[in-house]
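Novice: Chains A and B supply the protein sequences, listed in that same order. Per full-length UniProt numbering, residue 1 is the first one in the first sequence, and the count goes up by one each step. Per full-length UniProt numbering, residue 1 is the first one in the second sequence, and the count goes up by one each step.
2 protein chains.
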Amino acid sequence: MAVIKRLPKYHQCLGKLLRQDVERISSQELSQLLGFTASQIRQDLNNFGEFGQQGYGYNVESLYNEIAKILGLNTVHNMIIVGAGNLGQALANYEDFETHGFKILALFDVNPRLIGLKIRGIPILDADEMDYFINRNDIDIAVIAVPSDRAPKVVEILTKTSVKGIWNFSTAEISTGKNIIVENVHLIDSLFTLSYRMNEEKLEERILKQKMKKVLNR
Amino acid sequence: MAVIKRLPKYHQCLGKLLRQDVERISSQELSQLLGFTASQIRQDLNNFGEFGQQGYGYNVESLYNEIAKILGLNTVHNMIIVGAGNLGQALANYEDFETHGFKILALFDVNPRLIGLKIRGIPILDADEMDYFINRNDIDIAVIAVPSDRAPKVVEILTKTSVKGIWNFSTAEISTGKNIIVENVHLIDSLFTLSYRMNEEKLEERILKQKMKKVLNR
DNA sequence: TAGATTGTTAATCGATTAACAATC
DNA sequence: TAGATTGTTAATCGATTAACAATC
Numbered sequence: 001m002a003v004i005k006r007l008p009k010y011h012q013c014l015g016k017l018l019r020q021d022v023e024r025i026s027s028q029e030l031s032q033l034l035g036f037t038a039s040q041i042r043q044d045l046n047n048f049g050e051f052g053q054q055g056y057g058y059n060v061e062s063l064y065n066e067i068a069k070i071l072g073l074n075t076v077h078n079m080i081i082v083g084a085g086n087l088g089q090a091l092a093n094y095e096d097f098e099t100h101g102f103k104i105l106a107l108f109d110v111n112p113r114l115i116g117l118k119i120r121g122i123p124i125l126d127a128d129e130m131d132y133f134i135n136r137n138d139i140d141i142a143v144i145a146v147p148s149d150r151a152p153k154v155v156e157i158l159t160k161t162s163v164k165g166i167w168n169f170s171t172a173e174i175s176t177g178k179n180i181i182v183e184n185v186h187l188i189d190s191l192f193t194l195s196y197r198m199n200e201e202k203l204e205e206r207i208l209k210q211k212m213k214k215v216l217n218r
Numbered sequence: 001m002a003v004i005k006r007l008p009k010y011h012q013c014l015g016k017l018l019r020q021d022v023e024r025i026s027s028q029e030l031s032q033l034l035g036f037t038a039s040q041i042r043q044d045l046n047n048f049g050e051f052g053q054q055g056y057g058y059n060v061e062s063l064y065n066e067i068a069k070i071l072g073l074n075t076v077h078n079m080i081i082v083g084a085g086n087l088g089q090a091l092a093n094y095e096d097f098e099t100h101g102f103k104i105l106a107l108f109d110v111n112p113r114l115i116g117l118k119i120r121g122i123p124i125l126d127a128d129e130m131d132y133f134i135n136r137n138d139i140d141i142a143v144i145a146v147p148s149d150r151a152p153k154v155v156e157i158l159t160k161t162s163v164k165g166i167w168n169f170s171t172a173e174i175s176t177g178k179n180i181i182v183e184n185v186h187l188i189d190s191l192f193t194l195s196y197r198m199n200e201e202k203l204e205e206r207i208l209k210q211k212m213k214k215v216l217n218r
């Protein structure tokens with residue numbers, strides 16, 4: 001479902017409106033703010049319920065809350081970050097996560113120089129204690145920020161815990177027999193996409209030639 | 001075009017095959033490795049040219065090179081990272097970028113404590129020198145790794161330089177009048193998607209109810 | 001030549017947009 | 001009640017899959 005990718009945008013936009021004390025909004029107005037068509041917005045929202053009111057539009061606060069509920073943001077998520085290198089530390093410093101109910105309780109690493117340190121008050125613990133810590137602290141999301149070759153080992157440990165979601169920053173393909181949800185962040189793919197788009201102009205000729213050939217074939 | 005999102009996957013997979021000295025591959029075999037249908041693979045590739053040969057399949061090396069060309073990976077890209085905080089440093093430590101021809105020449109920051117330091121030999125320079133450095137060193141990609149409120153100022157400076165692509169890690173919406181390509185990495189969106197998917201089961205009932213209502217209406 | 005596999009057309013599926021009746 | 005705007009159906013568009021003739 002392509003809707004899911006848009007839900008965070010709705011959420012963010014409504015949050016902004018809420019902070020500006022906007023009370024109600026129409027799909028038309030939202031359309032202008034978000035760049036989706038009004039029709040699509042009504043269609044999207046209607047997948048999950050009837051949140052609007054004819055002749056009035058949508059109540060910003062209640063729509064915001066409904067979408068938060070859909071995104072699972074109405075409960076606090078306890079997270080750990082596996083790997084306390086630069087990436088792990090960078091993520092631990094993102095205050096944005098906590099703002100939205102994703103609480104980082106600890107980082108884990110194998111490097112004795114890092115163990116014992118704190119990032120924004122969040123302790124870096126010994127990787128050996130990970131499974132114990134997870135089950136003890138009701139952790140439901142683990143962030144994988146270790147080098148890709150270490151990732152499979154980490155995943156193996158995680159599958160034996162209560163973790164329900166893995167946010168994977170390594171390039172390793174992760175598969176857990178269990179029903180753990182895995183969300184991949186492949187940064188290099190994003191960079192390649194940027195590169196492709198920068199290169200697109202030069203490519204035009206080639207693509208056009210290919211299309212023309214097909215048209216001429218008819 | 002949805003194809004673009006798949007191109008990096010093709011590239012990665014073919015790179016792996018190349019390293020395993022695989023010479024040729026059919027769309028059928030690729031299909032198994034990638035999880036796309038063979039039909040889709042043939043369709044995708046045919047958008048850009050005729051890379052295969054009937055009865056033979058695709059030559060791994062030449063297909064790999066063709067896709068690299070399409071992605072703009074046949075030339076070296078000179079990058080800078082704006083913001084040398086944890087995120088900037090984490091990105092500077094990713095060796096993967098360099099492997100694919102994305103060379104990080106410098107980081108920039110306003111913090112005097114950071115200026116002068118080096119990350120993997122890459123210098124952290126004074127943000128004031130940024131525009132000069134960019135034009136001097138033929139930089140075509142700038143990575144925005146500064147806090148979101150600082151981003152607009154950075155973008156303003158960048159628009160006056162030779163930069164052709166911006167890889168944006170801040171939450172700021174970036175618009176450059178000029179034809180600079182912007183690729184956004186909104187990490188929080190990805191986390192929300194994970195959260196949604198973890199929450200999906202509980203949501204099922206609600207979504208089903210909504211769908212049932214519609215069916216009954218007929 | 002026979003077998004394999006592409007390039008390509010046609011059919012299907014899903015997502016987006018347009019239109020409008022229902023209703024606040 | 002009249003105006004506004006939703007929820008919802010129908011039409012369009014694009015992307016995926018299936019099928020097969022072309023050809024190596």
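Glycine residues also receive a C-beta, built at the ideal position from the N, C-alpha and C atoms.
Counting only beta-carbon atoms, is T159 (chain B) nearer than 8 Å to chain A?
Specialist: So no, T159 (chain B) is outside the interface.
Novice: Looking at C-alpha atoms only, which residue of A:N111, A:L18 and A:C13 is the closest neighbour of F36 (chain A)?
Specialist: Looking at the Cα atoms, A:C13 is the closest of the given residues.
Novice: For V82 (chain A) and chain B, any beta-carbon pair shorter than 8 Å?
Specialist: With 8 Å as the cut-off, V82 (chain A) does not count as an interface residue toward chain B.
Novice: Buried or exposed for E156 (chain A), going by 16 or more other Cβ atoms inside 10 Å?
Specialist: By the neighbour-count rule (16 or more Cβ atoms within 10 Å), E156 (chain A) is not buried but exposed.
Novice: Excluding the 5 residues preceding and the 5 following residue 219 (chain B) in the sequence, name in chain order all residues of the same chain whose CB lies nearer than 6 Å to its CB.
Specialist: In the structure as shown, chain B begins at 1 and stops at 218. Residue 219 (chain B) is therefore absent and cannot be evaluated.
Novice: Starting from N168 (chain A), follow its DSSP beta bridges and name the residues at the other end.
Specialist: Its beta-bridge partners are A:I144 and A:N184.
Novice: So is N78 (chain A) buried or exposed if we call it buried at 16+ other beta carbons inside 10 Å?
Specialist: That one is buried.
Novice: Give me the chain A residues within the contact set of A90 (chain B), using Cβ-Cβ distance strictly less than 7 Å, ordered along the chain.
Specialist: Under the 7 Å cutoff, chain A gives N86, L87 and A90.
Novice: Compare the C-beta of F108 (chain B) with all C-beta atoms of chain A and state if any pair is closer than 8 Å.
Specialist: By this cut-off, F108 (chain B) is not an interface position.
Novice: State the beta-bridge partners of R24 (chain B) as determined by DSSP.
Specialist: Paired residue(s): B:N59.
Novice: If A151 (chain B) sits next to I174 (chain B), beta carbons under 8 Å apart, how far is it from one beta carbon to the other, in whole angstroms?
Specialist: Right, their Cβ atoms sit about 7 Å apart.
Novice: I'd like the span of the beta strand (DSSP E) that includes V82 (chain B), first residue to last.
Specialist: That run of the beta strand (DSSP E) goes H77 to V82.
Novice: Between the stretch 97-116 of chain B and the stretch 71-87 of chain B, do at least 3 Cβ pairs fall closer than 8 Å?
Specialist: With a cut-off of 8 Å, the stretch 71-87 of chain B and the stretch 97-116 of chain B count as touching, because enough Cβ pairs lie within range.
Novice: Within the continuous alpha helix (DSSP H) that includes A92 (chain A), where are the two ends?
Specialist: N86 to N93 is the span of the alpha helix (DSSP H), which, as asked, contains A92 (chain A).
Novice: If we cut at 8 Å on Cβ distances, does E205 (chain B) have a partner in chain A?
Specialist: False, the Cβ-Cβ gap to chain A never drops below 8 Å.
Novice: According to DSSP, is L208 (chain A) helix, strand or coil?
Specialist: Helix.
Novice: Tell me the residue span of the alpha helix (DSSP H) that contains F108 (chain B).
Specialist: Taken as a continuous stretch (DSSP letters only), F108 (chain B) belongs to no alpha helix (DSSP H), being part of the beta strand (DSSP E) at F102 to D109.
Novice: Using a Cβ-based criterion (distance less than 7 Å to any ligand heavy atom), does L91 (chain B) qualify as near the ligand MG?
Specialist: Of the ligands one can find in the structure shown there are none, so the ligand MG has no counterpart to examine.
Novice: Applying the 10 Å Cβ sphere with the 16-neighbour rule, what's the burial state of A2 (chain A)?
Specialist: The residue in question, A2 (chain A), is exposed, as its Cβ has fewer than 16 Cβ neighbours within 10 Å.
Novice: Since D131 (chain A) is in the alpha helix (DSSP H), which residue starts that stretch and which ends it?
Specialist: Start and end: M130 to R136.
Novice: Could you give the distance in angstroms between the alpha-carbon of R113 (chain A) and the alpha-carbon of G85 (chain A)?
Specialist: The alpha-carbon atoms of R113 (chain A) and G85 (chain A) are separated by roughly 11 Å.
Novice: So the candidates are A:S190, A:I25 and A:I67; which of them puts its Cα closest to the Cα of Y58 (chain A)?
Specialist: Per the Cα distances, A:I25.
Novice: Provide the residue span of the beta strand (DSSP E) that contains I122 (chain A), from first to last.
Specialist: First-last of the beta strand (DSSP E) with I122 (chain A): I122 to D126.
Novice: Please state whether the Cβ-Cβ distance between V163 (chain A) and I124 (chain A) is less than 8 Å.
Specialist: No, the pair does not count as a contact, with Cβ atoms beyond the cut-off.
Novice: When DSSP labels each residue in this structure, what does G52 (chain B) get in the three-state scheme?
Specialist: Strand.
Novice: Taking Cβ-Cβ distances shorter than 8 Å, what residues in chain A pair up with G49 (chain B)?
Specialist: Chain A residues near G49 (chain B): R206 and Q210.
Novice: Does the Cβ-Cβ distance between L203 (chain B) and I70 (chain A) come in under 8 Å?
Specialist: Yes, these two residues count as a Cβ contact at 8 Å.
Novice: Taking CB distances under 8 Å as the criterion, tell me whether V185 (chain B) reaches chain A.
Specialist: V185 (chain B) counts as touching chain A.
Novice: To the nearest angstrom, how far is it from the Cα of F48 (chain B) to the Cα of R42 (chain B)?
Specialist: In a straight line, the C-alpha of F48 (chain B) is about 11 Å away from that of R42 (chain B).
Novice: Does the beta carbon of G72 (chain A) come closer than 8 Å to any beta carbon on chain B?
Specialist: Interface residue, yes.
Novice: Taking I181 (chain A) and M198 (chain B) to be in contact with their CB atoms under 8 Å, please state how far apart those CB atoms are, rounded to whole angstroms.
Specialist: Confirmed, Cβ separation roughly 5 Å.
Novice: So, does the CB of D96 (chain A) fall closer than 8 Å to a CB anywhere in chain B?
Specialist: Output row for D96 (chain A): interface = yes.
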